[in-house]
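Numbering of the sequence shown is given in the numbering used here, commencing with residue 3 and proceeding in unit increments.
Report on one structure; see the data block that follows.
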Amino acid sequence: KPFQKNDESSINGLKLLIKAKGKCTTDHISMAGPWLRFRGHLDKISDNLLLGAINAFTDKPLSKNLISGNYEKTPVVARSYKNSGIQSIVVGDENYGEGSSREHAAMEPRHMGVRAVIVKSFARIHETNLKKQGVLALTFSNKNDYNLIQEDDTIDILNLNELKPGSQVKLLIKHID
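Listed below in structure tokens is the structure:
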């Protein structure tokens, strides 16, 4: 299935891929080590996407697949969404993406259908790398809003046609209830 079409002013129907808790470095987002042998093969290296990120809802490196309802490794959920034409969003904590400037930590989310990353704060280089990949890098205007995100949420990003440096976009968070 193709990804859901959006008008120029919004991205609709994003599923929460993971709400990362605590430290989430580029190595949590795109592990190095044995994975580096795949660095020239974006699809294969994307099988490690967010493999080390701790989910705020499980305190484990697992995400809920909103298609099956099962908890699986985050790259498995991301691949399932991609194959089903579902776009997703990542929510993160403070200093998201700190560490090395590994480009794969920005390339992999985009390849797997992540349209936006919204966090309490970014590591500067990672934020820039996400933007270069066409992933919206957003920060909560109120850091406590991180706590409002629930596991089964569907998220719309609105008023993108008004996006410019220093401006705000609105998120419509749809809880399952």
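Beta carbons are placed, not taken as given, at the ideal position from N, Cα and C, and that holds for glycine.
Note that the coordinates shown come from a computational prediction; the quantities given were computed from them, not determined experimentally.
N-terminal and C-terminal residue of the alpha helix (DSSP H) that residue i is part of
{"i": "Ala80", "result": "76-85"}
{"i": "Asp155", "result": "Neither: Asp155 is in no alpha helix (DSSP H) and is coded neither H nor E."}
Of the residues the options, the one placed nearest residue i, counting alpha carbons only
{"i": "Asp155", "options": "Phe142, Asp49, Leu174", "result": "Leu174"}
{"i": "Ile91", "options": "Ile69, Val137, Asp179, Ser102", "result": "Val137"}
{"i": "Lys75", "options": "Glu153, Phe142, Ser65", "result": "Ser65"}
{"i": "Ser194", "options": "Val116, Asn57, Asn97, Val171", "result": "In the structure as shown, the chain begins at 3 and stops at 179. Residue 194 is therefore absent and cannot be evaluated."}
{"i": "Thr27", "options": "Gly15, Ile88, Asn14, Val121", "result": "Val121"}
Residue i versus residue j: straight-line alpha-carbon distance, rounded
{"i": "Leu140", "j": "Pro111", "result": "14 angstroms"}
{"i": "Asn163", "j": "Leu53", "result": "33 angstroms"}
{"i": "His128", "j": "Lys134", "result": "10 angstroms"}
{"i": "Met109", "j": "Pro77", "result": "14 angstroms"}
{"i": "Lys23", "j": "Asp61", "result": "8 angstroms"}
{"i": "Gly168", "j": "Arg126", "result": "16 angstroms"}
{"i": "Phe40", "j": "Lys84", "result": "20 angstroms"}
{"i": "Asn50", "j": "Leu19", "result": "14 angstroms"}
Per-residue burial, residue i [other beta carbons within 10 Å of its own, 16 or more giving buried]
{"i": "Gly42", "result": "exposed"}
{"i": "Pro4", "result": "Because the pLDDT at Pro4 is just 45, under 50, the model does not fix this residue reliably, and the point stays unresolved."}
Paired residues, beta bridge with residue i - DSSP
{"i": "Ser2", "result": "The requested residue 2 is not part of the displayed model; the chain covers only 3 to 179."}
Host beta strand (DSSP E) of residue i (start-end)
{"i": "Leu51", "result": "Here Leu51 belongs to no beta strand (DSSP E), and DSSP marks it neither H nor E."}
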